[in-house]
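Asker: Be aware that the sequence shown starts at 4, since it is given in my numbering, and climbs by one per residue.
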Amino acid sequence: MLKIRTKKPNMKVVEEFDAIQLSLKEIYSEVESTVKILRHDGHKFKKIREDRTRKFMECFSSLETQVDDIYKELYEAQNGAALLTLENPEEPYLAGVRYSVQVPHKRCVAMDCLSGGEAAMASLAFMFALNRYRKAPIIILDEPDGSLDQRNVSKFAEFLKQNIHLQIIIITHRNRSAYATVADDVIGIVKEIENGLTVSKMCILDLTEYQMNEEDNQEDEIRSSLGKQ
Numbered sequence: 004m005l006k007i008r009t010k011k012p013n014m015k016v017v018e019e020f021d022a023i024q025l026s027l028k029e030i031y032s033e034v035e036s037t038v039k040i041l042r043h044d045g046h047k048f049k050k051i052r053e054d055r056t057r058k059f060m061e062c063f064s065s066l067e068t069q070v071d072d073i074y075k076e077l078y079e080a081q082n083g084a085a086l087l088t089l090e091n092p093e094e095p096y097l098a099g100v101r102y103s104v105q106v107p108h109k110r111c112v113a114m115d116c117l118s119g120g121e122a123a124m125a126s127l128a129f130m131f132a133l134n135r136y137r138k139a140p141i142i143i144l145d146e147p148d149g150s151l152d153q154r155n156v157s158k159f160a161e162f163l164k165q166n167i168h169l170q171i172i173i174i175t176h177r178n179r180s181a182y183a184t185v186a187d188d189v190i191g192i193v194k195e196i197e198n199g200l201t202v203s204k205m206c207i208l209d210l211t212e213y214q215m216n217e218e219d220n221q222e223d224e225i226r227s228s229l230g231k232q
């Protein structure tokens with residue numbers, strides 16, 4: 004005769020099942036809430052990325068045009084060119100921007116292949132392009148002409164003359180008479196010995212007192228005054 008062993012019913016199973024169901028409901032609720040948050044944050048992130056790209060490209064597009072125009076202005080030549088290229092067009096702010104220039108009568112090369120003077124002119128073009136995009140109340144240039152020969156200094160001075168709305172302070176250790184035609188003031192710092200001590204003194208020449216008139220050739224008078232300071 005076959006005997007079937009039986010166990011007493013486990014009454015706690017129903018309670019455990021109900022507890023598991025309740026726990027699953029809580030987990031499902033948390034997952035649903037998390038998914039909603041992720042979707043919301045995803046939309047916000049997408050908008051931020053789009054806004055960031057738009058603002059970046061607004062700046063880049065302006066610089067791309069302005070830097071080429073200013074580069075031509077500086078060199079006073081239409082056969083020169085300044086080019087900006089994005090390394091990552093999809094998300095441009097995640098990578099760099101390549102800056103290449105074509106010096107008049109030369110081939111197009113990257114910045115690190117330029118001579119000191121050529122790199123200085125390219126840097127000035129880029130800086131003034133930035134300023135045209137977002138104007139600064141004042142620009143301070145520390146030895147921008149350090150690598151420039153007199154010919155390019157004259158071109159730089161002519162560029163400043165054509166952009167008289169800019170307020171610029173130029174610090175230079177050279178006697179750059181080309182600036183005399185565009186500057187309002189020349190301030191010289193000299194060293195003197197007083198009571199055995201070296202002191203610095205400031206000499207100021209107000210160039211607005213001189214009339215810039217080619218007919219009476221007063222530019223020579225200004226240069227003479229600069230030489231005496």
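All C-beta atoms in this analysis are idealised placements derived from N, C-alpha and C, irrespective of residue type, glycine included.
Give the DSSP bridge partners of M3, in chain order.
Answerer: Any property of residue 3 remains undetermined from this structure, which presents the chain solely from 4 to 232.
Asker: Would you check if the distance between the CB atom of R179 and the CB atom of V193 is smaller than 8 Å?
Answerer: no
Asker: Might you give, ordered along the chain, the residues of its own chain that have their beta carbon closer than 6 Å to the beta carbon of R135, omitting 5 neighbours on each side?
Answerer: Q69.
Asker: Between the C-alpha atoms of F20 and D44, what's the straight-line distance to the nearest angstrom?
Answerer: 36 Å
Asker: Please name the residue, chosen from E76, I142, Q170 and R55, that lies closest to P107 on a Cα-to-Cα basis.
Answerer: E76
Asker: With a threshold of 16 other CB atoms inside 10 Å of the CB of E195, please say whether the residue is buried or exposed.
Answerer: exposed
Asker: Starting from D145, trace the beta strand (DSSP E) both ways and give me its first and last residue.
Answerer: I142 to D145
Asker: Take E79 as the anchor and find which of E35, R177, L163 and I171 has the nearest alpha-carbon.
Answerer: Of the listed residues, the one whose Cα sits closest to E79 is L163.
Asker: Closer than 6 Å by C-beta to L169: which residues in its own chain qualify, once you throw out the five before and the five after it? Chain order, please.
Answerer: Result list for L169: empty, nothing under 6 Å.
Asker: Do you know how far the Cα of E29 is from the Cα of M130?
Answerer: 59 Å
Asker: Rounded to whole angstroms, how far is the Cβ of I171 from the Cβ of L144, which I believe are closer than 8 Å?
Answerer: 6 Å
Asker: Consult DSSP for E218 and reduce its assignment to one of helix, strand or coil.
Answerer: With a pLDDT of only 43 at E218, under the threshold of 50, the placement of this residue in the model should not be trusted, and no figure is reported.
Asker: Beta carbon of V100, beta carbon of C111: below 8 Å?
Answerer: no
Asker: Please state whether DSSP places Y213 in a helix, a strand or coil.
Answerer: coil
Asker: Below 8 Å, how does it come out for the segment 87 to 102 and the segment 30 to 38: are there three or more Cβ pairs, yes or no?
Answerer: no
Asker: Where does V106 sit, in a helix, a strand or coil, going by DSSP?
Answerer: coil
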